[in-house]
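To keep things clear, I will list the structure first and then write my remarks on it.
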Amino acid sequence: MSGSSIGVLFKVTTWGESHGPATGAIVEGCPPGIDLIEEDVQKVLNKRKPGTIASSSPRKEEDVVKILSGTFQGKTTGTPISLIIQNTNVDSNAYEDIKDIFRPGHGDYTYFKKYGIRDYRGGGRASGRETAARVAAGAIAGKIISREGMEIIAYTKALGGIVIKLDRDGAKKISREDIAENSLMCPDKDAAREMEAKLEEARRSGDSLGGIVEIIVRRCPPGLGEPVFDKMDADLAKALMSIGTVKGVEIGAGFKVAEMTGSQANDPITPDGFLSNHAGGILAGITTGQEIVIRVACKPIASIAKVQQTINERGEPVEISIKGRHDVSVIPRIIPVCEVMVSIVLADHLLRQKAL
Ligand SMILES: Cc1cc2nc3c(=O)[nH]c(=O)nc-3n(C[C@H](O)[C@H](O)[C@H](O)COP(=O)(O)O)c2cc1C
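Next comes the structure, spelled out in structure tokens:
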């Protein structure tokens, strides 16, 4: 019945509801002796906070993390690491009016059908708030993989139908500095300006926007991934699909492979390495040592002010306009969440490969 954990050797469990007293994570299987203090986790968590940009929710969370167990004198001990983040900025009033109404596009209907009871405040467990716990846990995974020289970089590839104008070769050169240049974490400045304007327009009209995040893993060693059910691509897709709003995951050339011939899609191998990377760094579920290239499609935020048709818990038709504090787009807040989910999968597979 439990679906709140991910990973085999490096295992992350999250807990908590959006408007409960706190949210948090338990990390099992972290190797001992890794330098870890609260500030390390806090730095990563700060990237996920609601900001001041047009896409962001006005909910201002402090998101202060506390490590309750699993470290001693600034190092991991090999025992379970428990992380807690208090929910300090909770306003459940906005949910009183819609407490027995299902928001179209959100989890209200399915949680009710599944459990017969739901915490309607802020979306409960289906809230984007749950991802704060993932990010805290993922900060630890990030430490494990960066010790091996791996680096993950993720950015806005598209928002509201505006796509960045950098080709694959351009993506190879994208640095953290390029992404940090604007609040949308978009490496194409002109596209970022257009996206900001489109977000503002959506906000004004009480609507929301979707987009695409691209994630690149650099310097991943070959050999990670456990055929046949825990292939690297299978585990990455599952980890990323588990984030709310994600409706599609592509690896490498992704859906485009369906239009290619074998001679176009194959990546020729030479003594000096692969000549292309349509496979996105994964063959037969095992990493090749090339960059891992992943794209994630995010749907528009479900909670919108525009009037929509829905039903209440008694099945009666009603109209809904959602007030509350909501993001206009999950981008860019989902970007650090994507990065940590990839970190968690890689850390798990790295430890599994070492155990082989
Ligand atoms: C970082 C983050 C922030 C989110 N913020 C909101 C929000 O403000 N309002 C909302 O309705 N949904 C928000 N979501 C999306 C919902 O969590 C998600 O749509 C819901 O759980 C239903 O899941 P599904 O979209 O995967 O079907 C957010 C998701 C993430 C990852």
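Residue numbering for the sequence shown follows the working numbering, starting at 15 and increasing by one per position. Here a beta-carbon is modelled for each residue, glycine too, at the ideal position from N, C-alpha and C.
Which one of the options has the shortest CA to CA distance from residue i?
i    : options                   : result
K320 : R218, L23 and I193        : R218
P118 : T102, I315 and V149       : I315
G156 : D362, G138, S106 and T259 : D362
V231 : E162, N60 and G17         : E162
L382 : L365, V342 and T85        : Because the chain in this structure spans residues 15 to 370, residue 382 falls outside the shown range and cannot be described.
V7   : V356, D54 and G17         : Because the chain spans 15 through 370 in this model, residue 7 falls outside it and cannot be assessed.
K245 : L364, D77, Y123 and I81   : L364
E52  : V149, G294, S32 and G17   : V149
N103 : T37, K113, G121 and V58   : T37
G136 : L360, Y109 and A151       : Y109
G92  : R207, P46 and K179        : P46
P94  : R62, I40, I81 and I48     : I40
E165 : I345, P235, L82 and K61   : P235
I178 : I81, T85 and D202         : D202
N101 : S18, L173 and G34         : G34
T259 : K171, D111, G225 and Y123 : G225
K371 : K61, L50, I112 and E330   : The displayed coordinates of the chain run from 15 to 370. Any statement about residue 371 would go beyond what the structure contains.
L198 : L213, E333 and D111       : L213
G43  : T85, R62 and S16          : T85
K63  : L82, V307, E210 and I99   : I99
T28  : R139, Y129, D122 and K57  : R139
G329 : K57, L97, Y123 and S106   : Y123
Which residues in the same chain as residue i place their Cβ atom closer than 8 angstroms to its Cβ, once the five residues preceding and following it in sequence are excluded?
i    : result
F126 : F116, R132 and E327
D183 : Model confidence at D183 stands at a pLDDT of 48, short of 50, so the residue's coordinates are unreliable and nothing is read from them.
I358 : I20, G21, F24, V26, R148, A151, G152, A155 and A253
F288 : D281, P282, T302 and Q304
V227 : A168, Y169, T170, K171, R309, V310, C312, I345, I348, I349 and C352
P241 : A298, G299 and I300
G174 : M209, K212, L213, A216, L223, G224, G225 and S343
T324 : I115, F116, R117, P118, P331, V332, E333 and I334
I112 : Y134, I334 and I336
Looking at ligand 1, does it come within less than 7 angstroms of residue i, judged from the CB to the closest heavy atom?
i    : result
V177 : no
S141 : yes
G343 : This sequence places Ser at residue 343; Gly is not what is there. No, ligand 1 has no heavy atom inside 7 angstroms of this Cβ.
T145 : yes
T91  : no
R11  : What is shown of the chain runs 15 to 370, which leaves residue 11 out entirely.
S317 : yes
I257 : yes
V260 : yes
G137 : yes
H363 : no
K313 : yes
G121 : yes
V310 : no
H33  : no
H292 : no
V356 : no
Looking at the secondary structure, which residues open and close the alpha helix (DSSP H) in which residue i lies?
i    : result
C352 : I348 to A369
I158 : E144 to R161
A385 : Given that the chain is displayed from residue 15 to residue 370, the structure contains no residue 385 and the question cannot be resolved.
R190 : R190 to A194
Y109 : Careful: Y109 lies outside any alpha helix (DSSP H) and carries neither H nor E.
L59  : E52 to N60
A311 : Run containing A311: none in the alpha helix (DSSP H); it sits in the beta strand (DSSP E), I306 to C312.
G138 : Neither: G138 is in no alpha helix (DSSP H) and is coded neither H nor E.
G262 : Segment V260 to I265 is the beta strand (DSSP E) holding G262; no alpha helix (DSSP H) there.
With a threshold of 7 angstroms on Cβ separation, who are the neighbours of residue i within its own chain once the five nearest residues in sequence on each side are excluded?
i    : result
A369 : L23
G237 : I300, T301 and Q367
S317 : R117, H120, I336, G338 and H340
T66  : For T66, the pLDDT reaches just 49, beneath the cut-off of 50, and the residue's location in the model is therefore unreliable, although a value from the coordinates is still provided. Result list for T66: empty, nothing under 7 angstroms.
The beta strand (DSSP E) spanning residue i covers which residue range?
i    : result
R232 : G225 to R232
E42  : A36 to E42
L82  : V79 to S83
L97  : I95 to Q100
A206 : Where A206 is concerned, there is no enclosing beta strand (DSSP E), although the alpha helix (DSSP H) it sits in stretches over K203 to R218.
T302 : It is not in any beta strand (DSSP E) - T302 carries neither H nor E in the DSSP assignment.
Y169 : E165 to L173
Spatial neighbours of residue i within its chain, please: CB distance less than 6 angstroms, with the 5 preceding and 5 following residues excluded, ordered by chain position.
i    : result
V356 : I166 and I229
H292 : G266, A267, A279 and D281
L59  : D77, V79, V149 and A150
D249 : V359
Q322 : P118 and I334
V271 : A279
I257 : V351
With a threshold of 7 angstroms (Cβ to nearest heavy atom), would residue i be considered close to ligand 3?
i    : result
V351 : By its list of ligands, the structure shown excludes ligand 3, since it contains just ligand 1.
Check whether the segment 137-153 touches the segment 348-360, taking contact to mean three or more Cβ pairs, one atom from each stretch, closer than 8 angstroms.
yes
Specify whether the segment 206-220 and the segment 263-282 touch according to this definition: at least 3 beta carbon pairs, one from each stretch, less than 8 angstroms apart.
no
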